[in-house]
Amino acid sequence: MSEQADVKMEGVSPQAQHAPPANDSSNAPVDADAGERASKRLKTEDSPPSQAAPAFEEAVPAEGQDNVNPTKSENGHTGDSNTDSKPDHVDGRIKGLAPIKKEYLIDMGNQANQEDEASNQANDDDAAEGRGSTEQGDSRDDRNSRKGGKKDKKDKKKNKGQNTERSFGRFDDAIRLCNSRAFYPEFSPRECRFAERCKLCHDLRKYLDEGRREDVETLGGKCPVFEQHGYCPSGWKCRFVKSHMKEIEHEDGRKELVLVNNSTADGKDIGPKDEESEEQRPAISNIVSMDKKIALNRKRTDFTRSDQYIQWLNLEARLSEEFQNRRKSQANEGIEDLRARYVDPPFKPSEKRRLYFGPETPTLAPLTTQGNLPFRRLCVELGAQLTYSEMAMGMPLVQGTKSDWTLLKVHDSELTAPKFNPGSVPVFEDYDHKVDLKFGAQISGSNYWVVTKAADVLNRYCPHLRLIDLNCGCPIDMVFKSGGGSALLENQGKLERMIRGMNATSGEVPITAKIRMGIRNNRPTATQLIGRLAFGAREHRERLGAPGCAALTLHGRSREQRYTKKADWGYIGECAALIKTYNAEKASLTDTIAEPDASTLPNAKDGRMYFLGNGDCYSHTEYFENIEKARVDTVMIGRGALIKPWLFEEIEKGQYLDKSSTERLTYIEKFVRYGLDAWGSDELGIGFTRRFLLEWLSFTHRYVPIGLLEHLPPSLNDRPPAYKGRDELETLMASTNFRDWIKISEMFLGPVHPTFKFQPKHKSNSYEAEG
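Okay, so the sequence shown: first residue is 73 according to the working numbering, each after it adds one.
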């Protein structure tokens, strides 16, 4: 264990000391033939397997206990982080329990309740990925369509404690105001295009008096959007409208209500020119017009280029199937026949924009529900260098579904270039840092024709994308059973064609992939997959070249594994070492018939594929140890950022930051302001902001201030016993009671709507407002 882990806090927050990340991989022993044997596990025979695991995961026995060696799985990699054979007490720490100082503990006797709370929070982590929970109106659920909605005993046991059908009620105005009046002066001559058929309200004063709730008095009673941009896109529907409206008196004595900065004194309105403008919001890009979505939905979009490549992929799929099913007696003849029947692809991929990943670019993971635009904006402000959209489904994108296209919206802060330290890792000489940006899109699909077309429309309609990432690790039941997500880990031929098709139609936008160790705990398959994504299948490497995967992210868990077990960074390190052997393999293929096509190689220097690790990073010490020991280019952070988004700031400064309750409350206020900016300050926008704030608070309450801990570093899997904070606000923020989360939301958004409902991912927490 690292020295930092043995430090006991005596009321002072320690400063972390660590060496800069090592970049020389010459001391990593690797089997030289590992790249050729893509179907076999990498073996590191020159060093014991336990060295591959990060130092902070090594067990240190307590006094009087025997040393416990990490167990070795059948596959050859160490499994010490995923076994239950560790001692319950390690260096004075109880396994799975946060080491809080005694003066802050409330009750240490009710251990059963603590275990139940830990189990509930583990369920929340699984549900955060969508596993075992569904949300109303969200297509990424776990409904078992193959069983017609019937659940057997296994399903009932699996969903125990989960809210399988979440509803958030309705939060809108009692009287709905027509858009022909929502953005214009009271006496505007603008007519409703539906005339008498319109069933919405056109009487502005009636709407203001009877059709809406009173103005929100929080945030000083001033509209944060108006203060930021000088006008409010929500118009008269804004719940802070009194701060940007006035009543003027005309010469004839008539009094007219007007919006500040949304109308002129002579009555000429400057509101939205059409209904599409209502979706336009300040400082937000990648907004796709309704005309384009309708064209996609009605199949009017021209996909000629994509269709040509898909037809060629269909032919290749048939040839590959015949090759794989050939008889043993035809082994040599099969290769020759395959070469004879080879057809050139209709076109080659475009030259891709150069990417860069390094130790100075900590990355925010794509997070379903939680990875919304306001949260990403907050993380970028706190030091996140790369961000991803929430996972968008490929088919709804091709069909023009509004909800999935909304996930691709990006804030201007994500369009700036990430940090770049020349020399830290090899990059292309023509890498242009000035045109690089932070935001990338993640999509999921179960067929190569779907993701090929999805990459095509993303390239055409979203001009601000750093990359397009294919999700190959999603554990959601519906996605898995349809053949997408983590199901692709065992259908590598289809996955290769998906990457190849996306790479052909994405223009200059690079294609990346995010995978898991495998589907089953005892059968990791990532090492087999890496070789295929780097160079393509061996039978058509010579003909087709590499599929063109520019970067790969590995989550150190299998699909079956839950979050009560730690991510296997030892295995991630083995995969990183495997990738490093491909430069040598490429050199050995030079001047041979099997040399891969340079235009299809990943777009790092010398065709090297960038490699990111993901799993359980919760401190800056773990971040740099993972980079140094696992030899990944950078680390992708998910749950750690949800619980403490200033983790990126800790990484940047290289020290622990003991944030006070007041500072943490400031981050919540920023999230609220960013939410109102993104979703609107009307009743609907406030409802969305409150809903996603409560989703985030269901994670932030698990943060234990480091000033209360006896040992460092903190562990993401440690659950705190009942404790009190250093002040009342800190205690409130640590509450597991959903009513306290509602109370925090009301500090900034006012009282909840009478019909608002909130159902956290676990049934032990639920809320329904009483009218």
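Using N, Cα and C, we set each Cβ at its ideal position, and we do this for glycine too.
* When the Cα atoms are used, what is the spatial distance from Q137 to R165? -> Reliability of the predicted coordinates at Q137 is poor, the pLDDT of 39 falling under 50, and the value obtained from them is presented with this limitation in mind. Whole-angstrom Cα-Cα distance: 14 Å.
* Asked: Secondary structure at M681, three-state DSSP: helix, strand or coil?
  -> coil
* Asked: Relative to the alpha-carbon of R413, which residue among E721, L439, E299 and H612 has its alpha-carbon at the smallest distance?
  -> H612
* N-terminal and C-terminal residue of the beta strand (DSSP E) that H301 is part of -> Taken as a continuous stretch (DSSP letters only), H301 belongs to no beta strand (DSSP E), being part of the alpha helix (DSSP H) at P296 to H301.
* Ordered along the chain, which non-local residues of its own chain (more than five positions away) have a Cβ less than 6 Å from that of H274? -> C250 and R253
* What is the rounded straight-line gap between the Cα of P417 and the Cα of C621? -> 18 Å
* Note down, in chain order, each residue of its chain lying with its Cβ closer than 7 Å to the Cβ of F492, except the 5 sequence neighbours on either side. => Y428 and H505
* Check whether the Cβ atoms of K566 and R538 lie closer than 8 Å to each other. => no
* Have a look at the DSSP bridge pairing and note the partners of R592. => R595
* Just mark D640 as buried or exposed, buried being the case when its beta carbon has 16 or more other beta carbons within 10 Å. => buried
* Apart from the five residues on each side of it in sequence, which residues of its chain come closer than 7 Å, Cβ to Cβ, to L616? -> G608
* Asked: Can you list, in chain order, the residues of its chain whose CB lies under 7 Å from that of T597, leaving out five sequence neighbours each side?
  -> L561, E562 and G590
* **Whether G283 touches D245 by CB criterion (8 Å)** => yes
* Whole-angstrom distance between Q727 and L784, CA atom to CA atom -> 12 Å
* Is H536 helix, strand or coil by DSSP? -> coil
* Of all the alpha helix (DSSP H) runs that stay within the bounds of the region 739 to 805, which reach a length of 4 or more residues? -> 755 to 772 and 800 to 805
* Asked: So the alpha helix (DSSP H) K314 belongs to, where does it begin and stop?
  -> Looking at the DSSP string, K314 is not in any alpha helix (DSSP H), and its letter there is neither H nor E.
* To do: Measuring alpha carbon to alpha carbon, tell me which of T653, N698 and Y690 ends up nearest R680.
  => T653
* What's the gap between the Cα of M465 and the Cα of I172? -> 42 Å
* Asked: Are three or more beta carbon pairs between the region 769 to 785 and the region 469 to 487 nearer than 8 Å?
  -> no
* Leaving out the 5 sequence neighbours to the left and right, which residues in its chain are closer than 6 Å to H301 when beta-carbon positions are compared? -> P354
* **Proximal residues to S392 (C-beta, below 8 Å), its chain only, five neighbours per side dropped** => G565, A609, E611 and H612
* Any idea if G202 is buried or exposed, counting beta-carbon neighbours within 10 angstroms, 16 or more meaning buried? -> Because G202 sits at a pLDDT of 48, beneath the cut-off of 50, its placement in the model cannot be relied upon, and the following sentence gives the value as read from the coordinates. Buried.
* Would you mind stating whether M463 and N543 have Cβ atoms separated by less than 8 Å? => yes
* Asked: Any C-beta of chain B sitting closer than 8 Å to the C-beta of P535?
  -> Going by chain labels, chain B is absent from the structure shown, which holds only one protein chain.
* To do: Since I believe V332 is in contact with I320 (beta carbons under 8 Å), could you give me their beta-carbon distance rounded to a whole number of angstroms?
  => That pair is no contact at about 11 Å.
* Asked: When the Cα of V499 is compared with those of Y739, D812 and G430, which residue comes out closest?
  -> G430
* **From V529, R604 and R631, residue whose alpha carbon lies closest to that of G557** => R631
* To do: Tell me whether the beta-carbon of A702 lies closer than 8 Å to the beta-carbon of I644.
  => yes
* Check whether the Cβ atoms of I723 and G455 lie closer than 8 Å to each other. => yes
* **Euclidean distance between Cα positions of P823 and S578** => 46 Å
* So what does DSSP say about M465, is it helix, strand or coil? -> strand
* What three-state label does DSSP hand I844 in the structure shown? -> One cannot answer for residue 844 here, as it falls past the ends of the chain, which runs 73 to 843.
* **Buried or exposed by the 16-neighbour rule on C-beta atoms within 10 Å, applied to K226** => With a pLDDT of 47 at K226, under the threshold of 50, the predicted position of this residue should be treated as unreliable, and no value is reported.
* Buried/exposed call for L458, threshold 16 Cβ in 10 Å -> buried
* Asked: Which residues share a DSSP beta bridge with L249?
  -> C273
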